[in-house]
Amino acid sequence: MARTDTAHQKWDETWRSAEGRLAWSRPEEDVLACAQECFDKGARRALDLGCGIGRHALALAEIGFDVDALDGSESGPAELKRSAESLGLPIRVHNGLMTDLPFEKSVFDYLLSFNVIYHGDPKIVGKALSEIRRVVKSGGTLQLTMLSKRNVFFGKGEEIAPNTFVDPNALDDKVHPHFYCNAAELIALLEGFEIRSLIDREHKPAHWHWHVIAERL
Ligand SMILES: C[S@@+](CC[C@H](N)C(=O)[O-])C[C@H]1O[C@@H](n2cnc3c(N)ncnc32)[C@H](O)[C@@H]1O
38 MARTDTAHQK WDETWRSAEG RLAWSRPEED VLACAQECFD KGARRALDLG CGIGRHALAL
98 AEIGFDVDAL DGSESGPAEL KRSAESLGLP IRVHNGLMTD LPFEKSVFDY LLSFNVIYHG
158 DPKIVGKALS EIRRVVKSGG TLQLTMLSKR NVFFGKGEEI APNTFVDPNA LDDKVHPHFY
218 CNAAELIALL EGFEIRSLID REHKPAHWHW HVIAERL
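Take 38 as the starting number for the sequence shown in the numbering used here and just add one per residue.
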């Protein structure tokens, strides 16, 4: 069967253009708030998983975290390295896949994965979450987003695996597999975590995404 974790190839093109980077240059308010709260409570080591060009990795380093950032594309991490160097922020930047993290177990106090984990089928999502479970410390915080079944793209294109769609006519990364879930399915996927907050939020009209904050048990 063909690989389903290929969306980073499309993102690689996006990160190469100034226009593509522009929409992803400012950190999200809920990320800043959660990260700051974790830092204030003593969290120090952070991972930005699927960092893209690193808007959040840079913000985490500015808060004072010791930051690792990883992404499957080549151009995203390369851009982040340039930004971190010019700002004098000591971020460790990695090229790699979310399903095979190059970290020891139980090392991160805070792990962020914003609009990343759903790029694949249920097997890929499950593998990424098992890697996340492995690298987050007990008591550490996971903040992530997932695609909601309320999202306008749920059901568009070919269903190549349960709740996983590819739209050959899409102009964006939806030419690669995307996985969608409802609240019950998401809670089941987050085994090993205690959910503190779960909100379905519209990023743009009809673009619904789950926003999760959870604590590693
Ligand atoms: C929507 S962008 C979000 C970037 C960043 N998290 C942010 O909020 O600015 C999705 C990112 O996930 C990365 N990605 C997609 N699939 C991946 C995989 N299997 N492993 C690692 N990174 C992946 C893409 O390369 C892209 O940079």
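No residue lacks a Cβ here, since even glycine has one placed at the ideal position from N, Cα and C.
May I ask whether a heavy atom of ligand 1 can be found less than 7 Å away from the beta carbon of residue i?
{"i": "L134", "result": "yes"}
{"i": "R167", "result": "Sequence inspection shows Ser at residue 167; the Arg mentioned does not correspond to that position. For ligand 1, not one heavy atom lies less than 7 Å from the Cβ of S167."}
{"i": "E206", "result": "It should be noted that the sequence gives Asn, not Glu, for residue 206. N206 Cβ: outside cutoff for every heavy atom of ligand 1."}
{"i": "A121", "result": "no"}
{"i": "H244", "result": "no"}
{"i": "R92", "result": "yes"}
{"i": "F151", "result": "yes"}
{"i": "G87", "result": "yes"}
{"i": "D42", "result": "yes"}
{"i": "H215", "result": "no"}
{"i": "G113", "result": "yes"}
{"i": "W247", "result": "no"}
{"i": "S110", "result": "yes"}
{"i": "G101", "result": "no"}
{"i": "G157", "result": "yes"}
{"i": "H45", "result": "yes"}
Report the option in the options whose CA atom is closest to the CA atom of residue i.
{"i": "P127", "options": "L97, H215, A39", "result": "L97"}
{"i": "E111", "options": "W52, L254, G194, E222", "result": "W52"}
{"i": "H248", "options": "T43, V68, G57, A44", "result": "V68"}
{"i": "E228", "options": "F216, H213, E168", "result": "E168"}
{"i": "I197", "options": "N188, N206, P159, L208", "result": "P159"}
{"i": "C71", "options": "L179, V189, L208", "result": "L179"}
What whole-angstrom Cβ distance do residue i and residue j have, given they're in contact under 8 Å?
{"i": "I224", "j": "S234", "result": "About 12 Å separates the two Cβ atoms, so there is no contact after all."}
{"i": "F102", "j": "F76", "result": "6 Å"}
{"i": "D42", "j": "G157", "result": "4 Å"}
{"i": "V212", "j": "K47", "result": "7 Å"}
> Does the region 193-212 come close enough to the region 168-175 to have 3 or more Cβ pairs within less than 8 Å?
Replying inline: Taking a contact to require three or more Cβ pairs closer than 8 Å, the region 193-212 and the region 168-175 do not qualify as touching.
>> If contact is defined by three or more beta carbon pairs under 8 Å, each pair taking one atom from either stretch, is the region 85-97 in contact with the region 149-165?
In response: Verdict: yes, contact present.
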